[in-house]
Amino acid sequence: MQGIAGRVLIGCVVEEDGSLSALGIARSVSPALDQEALRLVRAMPAWVPGEQAGKPVRCRHTIEVNFRFN
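Heads up: the sequence shown is residues 12 to 81, going by the working numbering.
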């Protein structure tokens, strides 16, 4: 993987309980880095959901994962 660098963008939905759903690659670097980015995002703790009128709501979010190997 030496010399590989790039930014993987992952689209998802943050659910009312803070869990992530509908994960997908919005911008790819390579299949291996895409899979690693998805693994990292799935391992994250719960997120804070969006709020509307003081109540938690689902919201779309894009997560950027940067890779650089020297």
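Idealized CB from N, CA, C, for every residue including glycine.
Please read these numbers as outputs of a predicted model, since none were measured by experiment.
Does the separation of the CB atoms of residue i and residue j fall below 8 Å?
| i | j | result |
| --- | --- | --- |
| G65 | V25 | no |
| I21 | A43 | no |
| V68 | L51 | no |
| V40 | F78 | yes |
Go ahead and label residue i buried or exposed: buried means 16 or more other beta carbons lie within 10 angstroms of its beta carbon, across all protein chains shown.
| i | result |
| --- | --- |
| A33 | exposed |
| Q28 | Per the sequence presented here, residue 28 reads as Asp, with Gln not at that position. So D28 counts as exposed. |
| A16 | exposed |
| A48 | buried |
For residue i, write down the residues that DSSP places opposite it in a beta bridge.
| i | result |
| --- | --- |
| L20 | R38, E75 |
| P67 | E62 |
Among the residues of its own chain, which have a CB less than 6 Å from the CB of residue i, if the five just before and after it don't count?
| i | result |
| --- | --- |
| M55 | none |
Give the single residue among the options whose Cα lies nearest to the Cα of residue i.
| i | options | result |
| --- | --- | --- |
| C70 | R53, G17, S30, E47 | S30 |
Output needed for residue i: all residues of its chain with C-beta closer than 7 Å, excluding positions within five of it in sequence on either side, in chain order.
| i | result |
| --- | --- |
| V59 | G29 |
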